[in-house]
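Asks: Please find one structure pasted underneath; my questions will follow.
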Amino acid sequence: MPLWPPKMAKSIFDIFAKTSENEIPTDEKMRQNLIYFLAGIDTTNIGLITDKNTTKIKINPRYDNREMLNVFEGVGIDIRNIKRFINQMNYLSDTYKNILAEYMLKEVERYHDYILSCYNKSFEEIYVILRPFIDEFHEFSTLIKLIEVLNEIEIFKVVQERRDLVKNLFYARIYESLTNKIYMETYIWMVQGFADKDFYILAKNEDIFEFDECYWVNKFAVAKTTPIFYKHSIKKIYDSGLYCNIIRKITNRSPDINRIPVTFENFLSEKMDRNIILIYDYIKKQFESLIEDKLYNEIDQIYRCFFLNDVSFILDLFDVLDNDIYLPIDNTLHRMNLMNKKQNEFILFKYADARINHYVLKILNIEKFTGQIRKNVLENVTIEFKNKNIADIFLSKKVFFELEIIFRYLFTLLILEYIFIKLPKNRFNTNATMFLVQLRSCMYTYIQGLKIERGIEKVVGNFTKFIKMCLNKFYLTNVQVFQLFSDILDLFFEYIYVQSNEEIYHERFLRLVVNLKKEIEKISTDHCFLYFLEYFKL
4 MPLWPPKMAK SIFDIFAKTS ENEIPTDEKM RQNLIYFLAG IDTTNIGLIT
54 DKNTTKIKIN PRYDNREMLN VFEGVGIDIR NIKRFINQMN YLSDTYKNIL
104 AEYMLKEVER YHDYILSCYN KSFEEIYVIL RPFIDEFHEF STLIKLIEVL
154 NEIEIFKVVQ ERRDLVKNLF YARIYESLTN KIYMETYIWM VQGFADKDFY
204 ILAKNEDIFE FDECYWVNKF AVAKTTPIFY KHSIKKIYDS GLYCNIIRKI
254 TNRSPDINRI PVTFENFLSE KMDRNIILIY DYIKKQFESL IEDKLYNEID
304 QIYRCFFLND VSFILDLFDV LDNDIYLPID NTLHRMNLMN KKQNEFILFK
354 YADARINHYV LKILNIEKFT GQIRKNVLEN VTIEFKNKNI ADIFLSKKVF
404 FELEIIFRYL FTLLILEYIF IKLPKNRFNT NATMFLVQLR SCMYTYIQGL
454 KIERGIEKVV GNFTKFIKMC LNKFYLTNVQ VFQLFSDILD LFFEYIYVQS
504 NEEIYHERFL RLVVNLKKEI EKISTDHCFL YFLEYFKL
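For the sequence shown, the working numbering gives the first residue as 4, with consecutive numbering after it.
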């Protein structure tokens with residue numbers, strides 16, 4: 004589509020050819036030149052010049068009636084800005100700007116018809132005929148400057164604000180076009196979960212998720228520029244598209260919309276909030292029927308594995324391994340996984356490069372020399388949960404990291420207890436065993452307190468709160484207390500390897516326990532821990 008009238012193209016060269024620098028232009032010649040100027044074409048008599056970022060009209064100084072032409076400066080500048088914008092949109096796929104450019108092009112074509120009818124009009128008549136376009140094009144030019152670097156939803160917001168500020172039919176029509184596009188994008192998001200890059204719900208690349216982020220919470224976010232007419236419905240709009248994406252992530256197919264209660268044509272009706280609720284309920288029902296039971300079962304499996312709910316299975320492993328728990332871990336991990344495969348298909352035993360107490364101390368920013376570390380089952384076992392088909396979507400890497408810490412801590416206490424029970428009896432051995440038994444018993448009073456409720460948000464929310472509670476109740480987040488627990492565990496490990504000088508070990512143990520009790524009393528009224536520590540006195 005040409006951006007100036009075809010009738011002008013043939014004669015434009017005649018305008019330049021017939022006008023010499025020394026000739027004094029007539030009113031008729033200036034009217035012809037003005038018509039071309041108004042179409043966005045400079046001539047030898049009328050054009051635009053830019054000086055120090057300021058654009059203004061330049062009129063042949065030999066023409067006496069220059070003041071009369073100055074009133075056309077604004078529309079001359081605006082028509083060039085508009086045509087430049089329309090031309091740029093031929094090479095860009097910015098949909099909202101394309102809608103604006105398409106509307107502006109129609110107005111420019113209509114404007115061309117008007118200026119072609121002005122050949123035989125006076126300057127005053129031309130101004131009166133074009134006055135509606137002069138005002139409209141100035142608004143077009145203003146809008147182009149405002150939206151130059153904005154995304155689609157920001158453009159919509161500007162159009163909305165200008166519509167309320169400037170009573171112009173242009174904004175009413177453009178607003179309707181943009182609104183219909185937003186309706187369409189919202190409908191597609193709600194029933195399929197697809198969104199353009201400038202949609203008001205933004206997607207985050209999973210490759211750049213932070214350690215504590217997960218798909219369920221952090222994959223999508225609502226932009227600050229959400230259309231105001233969705234203000235009260237945005238949660239349901241967001242959730243519906245999120246559900247669609249999770250369904251597709253798990254099943255590799257989009258939700259079934261064959262029986263969806265709202266077609267796109269219905270969605271454009273005035274019952275906006277009602278239609279959003281109907282779609283949301285329809286998608287949510289599919290989502291919950293597909294996900295809820297699977298997620299519930301997976302969280303339950305995670306809970307049982309990482310919190311050692313089935314200690315009999317672990318104790319059976321210890322019995323089979325017997326003294327091999329002291330051997331290099333490479334020799335025993337394979338055997339453990341073979342035995343485990345028959346009992347628990349969800350976990351894989353793996354090597355950890357440090358004792359759990361040293362690992363936690365590092366997290367708490369405490370570094371200290373702790374003697375020789377032996378790479379064996381006793382000190383270096385962790386697990387990986389293999390059945391995270393759904394849990395990965397709802398739980399972050401941080402949550403699984405915390406679960407691994409809890410598992411390793413419980414596993415360490417269990418294996419130490421198992422070994423001390425088998426060692427020859429003496430005062431230190433007896434007290435160490437009792438300490439480990441009572442410590443695990445206190446921990447399991449908290450562990451057994453988890454109630455996995457139905458409902459996806461409740462399942463995920465309660466489980467993550469439960470993990471945090473256990474970390475705190477086990478003192479895995481307290482520097483002073485856990486440092487003493489760590490010293491006690493190191494003492495136990497040291498004794499297991501030497502099995503001599505039990506009186507010296509016993510005295511060291513009692514001193515550590517007394518200090519432990521003092522530290523716990525400073526920060527907690529946890530009667531479970533404090534009560535059993537009363538037994539150990541110097």
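Even glycine gets a Cβ: it sits at the ideal position worked out from N, Cα and C.
Rounded to the nearest angstrom, what separates VAL484 and LEU519 at their Cα positions?
Replies: Spanning the two alpha carbons is a distance of roughly 6 Å.
Asks: Residue range of the beta strand (DSSP E) that ASP54 falls in?
Replies: That run of the beta strand (DSSP E) goes 49-54.
Asks: Using a 10 Å radius around the Cβ and a threshold of 16 neighbouring Cβ atoms, would you call PHE316 buried or exposed?
Replies: The residue in question, PHE316, is exposed, as its Cβ has fewer than 16 Cβ neighbours within 10 Å.
Asks: Can you give me the Cβ contacts of SER14 inside the same chain, cut-off strictly under 8 Å, excluding the 5 residues immediately before and after it?
Replies: With a pLDDT of 48 at SER14, under the threshold of 50, the predicted position of this residue should be treated as unreliable, and no value is reported.
Asks: For GLU537 and PHE488, I'd like the C-alpha separation in whole angstroms.
Replies: Cα to Cα, the separation comes out at about 16 Å.
Asks: Whose CA, out of GLU155, LYS425, ILE470 and LEU413, lies closest to the CA of LEU442?
Replies: With distances taken between Cα atoms, LEU442 lies closest to LEU413.
Asks: If TRP219 and ILE396 are in contact, beta carbons under 8 Å, what's the gap, nearest whole angstrom?
Replies: Contact holds; Cβ gap of about 6 Å.
Asks: Could you round the C-beta distance between LEU416 and LEU439 to whole angstroms and report it? I think they count as a contact, below 8 Å.
Replies: With 8 Å as the limit, LEU416 and LEU439 qualify as a contact, their Cβ atoms being about 6 Å apart.
Asks: Can a CB atom of chain B be found closer than 9 Å to the CB of LEU417?
Replies: Annotation note: the requested chain B is absent from the structure, which comprises a single protein chain.
Asks: For PRO135, which beta-bridge partners are listed by DSSP?
Replies: Paired residue(s): none; PRO135 is not in a bridge.
Asks: Comparing alpha-carbon positions, which option in ILE231, HIS509, TYR233 and ILE286 lies nearest THR247?
Replies: Inspection of the sequence shows that residue 247 is occupied by Cys rather than by Thr. Among ILE231, HIS509, TYR233 and ILE286, the Cα nearest to that of CYS247 belongs to ILE286.
Asks: Residue range of the beta strand (DSSP E) that LEU205 falls in?
Replies: First-last of the beta strand (DSSP E) with LEU205: 204-206.
Asks: Hey, how far is the Cα of ILE409 from the Cα of HIS361?
Replies: Near 14 Å, if we compare the C-alpha coordinates of HIS361 and ILE409.
Asks: Counting C-beta neighbours from all protein chains within 10 Å, is the total for GLY464 16 or more, i.e. buried, or is it exposed?
Replies: Exposed, by the Cβ-count rule.
Asks: Out of GLN91, TYR114 and LYS109, which one is the CA nearest neighbour of VAL78?
Replies: The option with the nearest alpha carbon to VAL78 is TYR114.
Asks: Scan the region 329-413 and note each continuous beta strand (DSSP E) run of 3 residues or more that stays entirely inside, going in chain order.
Replies: 350-354 and 384-388, all fully within the region 329-413.
Asks: Please find out if some non-hydrogen atom of the ligand MG comes closer than 8 Å to the beta-carbon of ARG165.
Replies: The ligand MG is absent from the structure shown, which contains no ligand whatsoever.
Asks: Give the DSSP-derived three-state secondary structure of VAL225 in the structure shown.
Replies: Three-state result, VAL225: strand.
Asks: Just how far apart, CA to CA, sit LYS72 and TYR122?
Replies: The question names Lys, but residue 72 is Leu in the sequence shown. The straight-line gap from Cα to Cα measures roughly 15 Å.
Asks: Helix, strand or coil for LYS200? Go by DSSP, reduced to three states.
Replies: Note: LYS200 maps to coil in three-state DSSP.
Asks: Out of SER399, ILE102 and LEU298, point me to the one whose CA is closest to PHE459's CA.
Replies: Here residue 459 turns out to be Ile, not Phe, going by the sequence shown. The shortest C-alpha separation from ILE459 is found at LEU298.
Asks: Do PHE352 and ILE386 have their CB atoms nearer than 9 Å?
Replies: Against a cut-off of 9 Å, the Cβ pair of ILE386 and PHE352 comes out as a contact.
Asks: Answer with buried or exposed for LYS476, where buried requires no fewer than 16 other C-beta atoms within 10 angstroms of its C-beta.
Replies: Label assigned to LYS476: buried.
Asks: Report buried or exposed for VAL131, applying the criterion of at least 16 other Cβ atoms within 10 angstroms of its Cβ.
Replies: Result: exposed.
Asks: Using a Cβ-Cβ cut-off of 8 Å (strictly less than) and excluding sequence neighbours within five positions of ILE27, which residues of its own chain qualify?
Replies: Cβ within range, chain order: ARG65 and TYR66.
Asks: Could you check what DSSP says for ILE18 in three-state terms: helix, strand or coil?
Replies: Unreliable placement is indicated for ILE18, whose pLDDT of 47 sits below 50; no coordinate value is reported for it.
Asks: Assuming contact is defined by CB atoms lying nearer than 9 Å, are ARG165 and LEU181 in contact in what I supplied?
Replies: Their beta carbons are not under 9 Å apart, which means ARG165 does not touch LEU181 by this criterion.
Asks: What is the DSSP secondary structure of ILE523, reduced to helix, strand or coil?
Replies: Helix, per DSSP.
Asks: Give every residue of the same chain whose Cβ lies closer than 8 Å to the Cβ of LEU318, excluding the five residues on either side of it in the sequence, and list them in chain order.
Replies: The residues are LEU417 and TYR421.
Asks: Which one of PHE469, ASN368 and LEU245 has the shortest CA to CA distance from ILE294?
Replies: The residue with the shortest Cα to Cα distance from ILE294 is LEU245.
Asks: Check each candidate in SER243, TYR190, LYS425 and TYR306 and name the one with the smallest Cα separation from SER272.
Replies: It is TYR190.
Asks: If you pair each beta-carbon of the region 220-234 with each one of the region 202-212, do three or more pairs fall below 8 Å?
Replies: The region 220-234 is in contact with the region 202-212.
Asks: Run through DSSP, which three-state label would LYS297 get?
Replies: Three-state DSSP puts LYS297 in a helix.
Asks: Which residues does DSSP list as the beta-bridge partners of LYS61?
Replies: In DSSP, LYS61 forms a bridge with GLY50.
Asks: Let me check understanding here. Comparing Cα to Cα, which of SER236, ASP296 and ASN154 lies closest to ASN278?
Replies: The shortest C-alpha separation from ASN278 is found at SER236.
Asks: Alpha carbon to alpha carbon, how far is LYS55 from PRO135? Give it in angstroms, no decimals.
Replies: Approximately 30 Å between the Cα atoms of the pair.
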